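Just so we're aligned, residue 18 is where the sequence shown starts under my numbering, counting upward by one.
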Amino acid sequence: MTAIVESERERLSASRCLARPVFRLRRLTSIGQLRAVAAAWDDLWHRSTATTPSARADAIAVWLETFAPTARLAFCVAEDTDGRLLAALPLVHHSHRGLPSLELPGNSWCPAGELLVDPHVEPDYLLPALWQAAARWPAAWVKFSHIDLHSPHWRLWLAALESAGGLEYRSDFGEVGLIDVEHNAEAYEASRSKNLRKQMRQIVRRLERDGGVALEVYDRLAVDEVEPLLRRGFAIEDRSWKGQAGSSVLRSPGVFEFFLRQAQGLAASGNLHLVFLVHRDQTLAFEYGWSAKGTYFSPKVGYDPAFAEYCPGQLLRWLLMERFQADPTRRSWDFSGPLAPATRRWITRSYPTATVRVVPGGLRALAARPLLAAYAKLRSARAAGAPVDAAHLAEPESD
Numbered sequence: 018m019t020a021i022v023e024s025e026r027e028r029l030s031a032s033r034c035l036a037r038p039v040f041r042l043r044r045l046t047s048i049g050q051l052r053a054v055a056a057a058w059d060d061l062w063h064r065s066t067a068t069t070p071s072a073r074a075d076a077i078a079v080w081l082e083t084f085a086p087t088a089r090l091a092f093c094v095a096e097d098t099d100g101r102l103l104a105a106l107p108l109v110h111h112s113h114r115g116l117p118s119l120e121l122p123g124n125s126w127c128p129a130g131e132l133l134v135d136p137h138v139e140p141d142y143l144l145p146a147l148w149q150a151a152a153r154w155p156a157a158w159v160k161f162s163h164i165d166l167h168s169p170h171w172r173l174w175l176a177a178l179e180s181a182g183g184l185e186y187r188s189d190f191g192e193v194g195l196i197d198v199e200h201n202a203e204a205y206e207a208s209r210s211k212n213l214r215k216q217m218r219q220i221v222r223r224l225e226r227d228g229g230v231a232l233e234v235y236d237r238l239a240v241d242e243v244e245p246l247l248r249r250g251f252a253i254e255d256r257s258w259k260g261q262a263g264s265s266v267l268r269s270p271g272v273f274e275f276f277l278r279q280a281q282g283l284a285a286s287g288n289l290h291l292v293f294l295v296h297r298d299q300t301l302a303f304e305y306g307w308s309a310k311g312t313y314f315s316p317k318v319g320y321d322p323a324f325a326e327y328c329p330g331q332l333l334r335w336l337l338m339e340r341f342q343a344d345p346t347r348r349s350w351d352f353s354g355p356l357a358p359a360t361r362r363w364i365t366r367s368y369p370t371a372t373v374r375v376v377p378g379g380l381r382a383l384a385a386r387p388l389l390a391a392y393a394k395l396r397s398a399r400a401a402g403a404p405v406d407a408a409h410l411a412e413p414e415s416d
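Printed below as a string of structure tokens:
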């Protein structure tokens, strides 16, 4: 890890002279305070190496207002003398087994927020101060869920935690698939398996003979145009097994309203993509997508099981990738979730993620350190398939 961090520092130093501006640290403790600095927050997001639009101020606020309206916020920001944000770390208070913790906002429905750092500022100068500000909140540990271990800002952040003497435990390792868009459709298709190419071409020919197939992409919507298209899309998901299980967006109380508010905000900022696969006026598949900084994200996808013989979800990806190869602004496609057989066949590479729990230094961490060490021991035993004596191990939370 240290070698990776040093390499990143050397790259940054070689590419530009990093500034050491005078800055002050601030705490944001309410959604209203977050919305008040939304323009400065989004300006920092644009400058940072973070790409997901769910880290923008409005997206975080909508998530908080839906899923954690009464939660205590522990947002730490660093700003220069002109009020320009240089770094931001959104954290939310939680409690596990009676012990207070801090976590990035987000849940199984959607991530919301991540570390933002101005890449033109000296990280060794800024990040330790930001961590010290976060560590002063009353918490036994700080949890960063499913972070990209190869991203520049998270590399440098973990180095700052290490230098500050925090006890760190990593778990929930995974890989997220990604397609590098090289703007050469023939080369990309040739790199896929022969079976996949044959299958997609056969399905396209069948559908063309039976009335045609089309990809509808809505990426320039006005806010008032979002709702009917979004409802149409999630109706497709509701016809799948998720609807039967009661876990679809439309059958989960308040969740469609959350995605509607999020989608309207993303449409206003130009980050929304709604994609439909259509055959003879029937919608076969739908994808709820985000687009930012040359990267396309696909956090939600669904298809109508009545058309399963056409592999509609896979066909949607095939046709959408053809479109991206012809788009000079597109650099990558991030599949946003754990690597699975359905996505592995499309990717050109993957990147590692992990959940990182950090116990701050100081006397108040003494009680949490044995608990975190026991948690690590328990997870290791489970991973190895060894019997676990739960009476001798304390688990701070259930994943």
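For every residue, glycine included, the Cβ atom is placed at its ideal position computed from N, Cα and C. Note that this is a predicted model, so its numbers are computed, not measured.
- The residue from Pro145, Tyr186, Tyr205, Ala204 with its alpha-carbon nearest to that of Leu178 is Pro145.
- Here Ser367 has Glu192, Val193, Gly194, Leu195, Leu356 as same chain residues with Cβ atoms under 8 Å from its own Cβ, once five neighbours each way along the sequence are excluded.
- Segment contact: the segment 238-247 against the segment 307-314, fewer than three CB-CB distances shorter than 8 Å; contact not assigned.
- Rounded to the nearest angstrom, the gap between the Cα atoms of Asp197 and Val134 is 24 Å.
- In the DSSP assignment, the residues bridged to Ile196 are Trp350.
- C-alpha of Leu247 to C-alpha of Leu337: approximately 18 Å in a straight line.
- DSSP places Pro316 in the uninterrupted beta strand (DSSP E) bounded by 312-320.
- Excluding residues up to 5 positions away in sequence, Asp321 lie with their Cβ nearer than 6 Å to the Cβ of Arg256 in the same chain.
- Contact between Glu339 and Ala202 holds: CB atoms are separated by about 6 Å, below the 8 Å threshold.
- For the 8 Å CB-CB criterion, Leu121 and Ala91 do not form a contact.
- Counting only residues of its own chain and dropping the five nearest sequence neighbours on each side, Leu116 has a CB closer than 6 Å to the CB of Ala157.
- Beta-bridge analysis with DSSP links Val109 to Leu90, Glu120.
- A straight-line Cα-Cα distance of about 35 Å links Glu199 and Phe273.
- Judged by beta-carbon spacing, Val39 lies beyond the 8 Å limit of Asp75, meaning their Cβ atoms are not closer than that value.
- Within the same chain, Cβ atoms closer than 6 Å to the Cβ of Trp350 are found at Ile196, Tyr313, the five residues on either side in sequence being excluded.
- Straight-line spacing of the CA atoms in Ser353 and Ile364 works out to 12 Å.
- The beta-carbon distance between Leu102 and Trp171, rounded to whole angstroms, is 18 Å. This is too long to meet the 8 Å contact definition.
- In the structure shown, the three-state DSSP call for Trp80 is helix.
- In summary, Thr83 is buried, with 16 or more beta-carbon neighbours lying within 10 Å of its beta-carbon over all protein chains present.
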